[in-house]
Amino acid sequence: MSIAQAHADPHHIGALADVAHEGPAPKRIVTGYGFWIFLLSDMVMFSCFFAAYAVLLGQTAGGPGGAELFNLKSVAVETVCLLLSSFACGMASIAAEVRNHLWFQIAMAVTCVLGLAFLAIEFHEFADLVARGAGPSRSAFLSAFFTLVGCHGLHVSGGILWLLTMMAQVFAKGFRADIQRRFLCFALFWHALDIIWVAVFSVVYLLGSAV
Amino acid sequence: MSDLHDVHHRADLAPGDEEGVSIRARVLGYVAGLALAVLLTATSFFIAGTDLIWQPSIPVAIIVLAIAQMGVHLVFFLHITTGADNTNNVMALAFGLLIVFLVIGGSLWIMGHLNQNMMPMDQLMRMQR
């Protein structure tokens with residue numbers, strides 16, 4: 030290929046046009062893309078809970094509001110746990126790609142422990158709120174709060190079950206192509222949960238205690 | 002030439018996949034993402050509790066920092082980039098964001114107006130008696 034040609038088509042658009050005649054895309058791309066669409070629809074679902082929370086923010090029915098309830102220190106610890114577990118999940122992706130069993134299992138175990146730590150802190154926080162009489166039935170604001178944050182917590186719980194399944198499958202079946210595709214979807218799911226947590230801690234906890 | 006050849010065979014990328022780069026570069030990518038995310042998180046937690054800056058600017062700052070951090074996560078962890086091989090993923094994301102903004106913005110807009118136009122709750126209660 031001449032240099033002049035490369036300049037005429039710097040992004041290989043011509044090459045992309047040719048691909049249309051190459052038949053269907055590889056399964057990994059189809060699976061990943063389909064799961065990405067699912068994740069986006071999950072984010073749309075979360076946006077409904079966020080909208081409900083924002084609308085019901087002031088409807089405390091004379092009960093406690095966010096500023097008196099939230100403990101930002103534990104939220105900060107939760108955030109650090111989830112961030113580091115997302116990083117560990119990234120390390121597991123690299124280990125899966127180079128087919129290194131030991132590092133894959135170590136990285137996944139770290140991801141799992143950090144996810145469980147997050148869940149433990151969140152559960153403790155919820156139990157504390159209920160014990161103080163600020164359960165989900167106290168006011169519309171608290172119903173919306175528990176629904177939104179609890180839904181994220183449920184996603185994390187499901188993610189941990191999936192994580193353990195992936196560890197077992199890789200252990201038992203190795204890095205087969207189908208296992209790799211499942212792991213790709215799991216990694217996307219775990220990173221997407223972290224994105225949703227960013228929205229949760231910013232909108233619910235930080236704005237809730239700043240206002 | 003080999004570059005073109007590669008593109009020819011892998012025209013698309015699954016979300017989360019990166020183009021063939023070394024392990025070292027990939028680890029560094031995650032480290033950079035983690036560092037940026039920690040920086041943004043620490044800044045927004047700091048801003049939420051400080052008296053140093055003009056108070057009404059705090060909610061805006063927190064939201065801007067959150068959006069920036071989501072961008073960092075998308076690029077460094079999910080590897081959604083603007084490359085030609087990522088177009089499908091970005092278009093799906095754009096559509097998802099459209100729906101998210103319609104749902105959140107629309108709800109707040111409509112419910113805000115409803116609240117404004119509704120009789121105050123105590124009057125409503127008195128009428129029901």
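Protein chains in written order, with the working numbering: chain X, 30 to 240; chain V, 2 to 130.
Cβ atoms here follow ideal geometry from the backbone N, Cα and C, with glycine treated the same way.
Note that the coordinates shown come from a computational prediction; the quantities given were computed from them, not determined experimentally.
In chain V, which residues lie less than 8 angstroms from residue i when you measure between Cβ atoms?
| i | result |
| --- | --- |
| Val-73(X) | Gly-97, Ile-100, Val-101 and Val-104 |
| His-1(X) | Any property of residue 1(X) remains undetermined from this structure, which presents chain X solely from 30 to 240. |
| Ser-172(X) | Under the 8 angstroms cutoff, chain V gives no residues; its nearest Cβ is about 16 angstroms from Ser-172(X). |
Indicate the three-state DSSP secondary structure (helix, strand or coil) for residue i in the structure shown.
| i | result |
| --- | --- |
| His-114(V) | helix |
| Thr-89(X) | coil |
| Val-127(X) | coil |
| Asp-52(V) | coil |
| Thr-42(V) | helix |
| Gln-124(V) | helix |
| Arg-161(X) | coil |
| His-80(V) | coil |
| Phe-167(X) | The residue you asked about is not Phe; residue 167(X) is Arg in the sequence shown. Note: Arg-167(X) maps to coil in three-state DSSP. |
| Arg-57(X) | helix |
| Ser-122(X) | helix |
| Pro-60(V) | helix |
| Glu-19(V) | coil |
| Asn-100(X) | coil |
| Leu-14(V) | coil |
Could you work out which residues of chain X lie near residue i, taking near to mean beta carbons separated by less than 9 angstroms?
| i | result |
| --- | --- |
| Ala-33(V) | Ordered by position in chain X, no residue passes the 9 angstroms Cβ test against Ala-33(V), which lies about 11 angstroms from the chain. |
| Leu-53(V) | Here the premise fails: no neighbours, minimum Cβ distance about 13 angstroms. |
| Arg-27(V) | Gly-119, Ser-122, Ile-123 and Glu-126 |
Give me the Cα-Cα distance between residue i and residue j, rounded to the nearest whole angstrom.
| i | j | result |
| --- | --- | --- |
| Cys-214(X) | Cys-180(X) | 20 angstroms |
| Ala-36(V) | Tyr-82(X) | 30 angstroms |
| Gly-107(V) | Leu-112(X) | 31 angstroms |
| Ala-49(V) | Gly-203(X) | 46 angstroms |
| Leu-192(X) | Ala-149(X) | 17 angstroms |
| Gly-97(V) | Met-128(V) | 44 angstroms |
| Thr-176(X) | His-153(X) | 16 angstroms |
| Gly-34(V) | His-74(V) | 7 angstroms |
| Leu-115(V) | Thr-89(X) | 18 angstroms |
| Val-101(V) | Ser-70(X) | 9 angstroms |
| Ala-156(X) | Ala-15(V) | 40 angstroms |
| Ala-62(V) | Leu-131(X) | 42 angstroms |
| Ile-64(V) | Leu-236(X) | 9 angstroms |
| Arg-161(X) | Thr-51(V) | 27 angstroms |
| Gly-87(X) | Gly-94(X) | 8 angstroms |
| Ser-122(X) | Val-39(V) | 21 angstroms |
| Asp-223(X) | Phe-47(V) | 20 angstroms |
| Phe-77(V) | Gln-117(V) | 43 angstroms |
| Arg-205(X) | Cys-118(X) | 19 angstroms |
| Ala-93(V) | Pro-165(X) | 35 angstroms |
| Arg-25(V) | Asn-129(X) | 15 angstroms |
Counting only the same chain and skipping the five closest in sequence on each side, list residues whose C-beta sits under 6 angstroms from that of residue i.
| i | result |
| --- | --- |
| Leu-85(X) | Ala-169, Phe-170 and Ala-173 |
| Arg-210(X) | Arg-57 and Thr-60 |
| Glu-151(X) | Gly-182 |
| Asn-90(V) | Pro-16 and Ile-81 |
| Ser-114(X) | Thr-140, Leu-143 and Gly-144 |
Near residue i, which residues of its chain fall below 8 angstroms by C-beta distance, leaving aside the five closest residues on each side in sequence?
| i | result |
| --- | --- |
| Gln-134(X) | Met-196, Val-199 and Phe-200 |
| Leu-5(V) | With a pLDDT of 40 at Leu-5(V), under the threshold of 50, the predicted position of this residue should be treated as unreliable, though the coordinate-derived value follows. Closer than 8 angstroms at the Cβ level, and outside the excluded window around Leu-5(V), lies no residue. |
| Met-30(X) | Its pLDDT being 45, under 50, Met-30(X) is placed unreliably in this model, and the coordinates cannot settle the point. |
| Ala-163(X) | Gly-92, Pro-93, Leu-98 and Leu-171 |
Anything in chain X within Cβ reach of residue i, meaning under 8 angstroms, just list it in chain order.
| i | result |
| --- | --- |
| Ala-93(V) | Tyr-62, Trp-65, Ile-66 and Leu-69 |
| Leu-109(V) | Ala-80, Ala-83 and Val-84 |
| Asn-90(V) | Tyr-62 and Trp-65 |
Taking all protein chains shown into account, do 16 or more other C-beta atoms lie within 10 angstroms of the C-beta of residue i, making it buried, or fewer, making it exposed?
| i | result |
| --- | --- |
| His-10(V) | Residue confidence is low: His-10(V) scores 47 on pLDDT, short of 50, so the model does not pin down where it sits. Its coordinate-derived value is still stated next. Burial call: exposed. |
| Met-119(V) | exposed |
| Val-127(X) | exposed |
| Arg-167(X) | buried |
| Ala-239(X) | buried |
| Val-104(X) | buried |
| Gly-188(X) | buried |
| Ala-96(X) | exposed |
| Trp-110(V) | exposed |
Along chain X, in chain order, which residues have C-beta atoms closer than 7 angstroms to that of residue i?
| i | result |
| --- | --- |
| Gln-70(V) | Val-227 |
Grab me the residues of residue i's own chain with a C-beta within less than 7 angstroms of its C-beta, minus the 5 sequence neighbours each way, in chain order.
| i | result |
| --- | --- |
| Val-232(X) | Phe-79 |
| Phe-64(X) | Cys-214 and Leu-217 |
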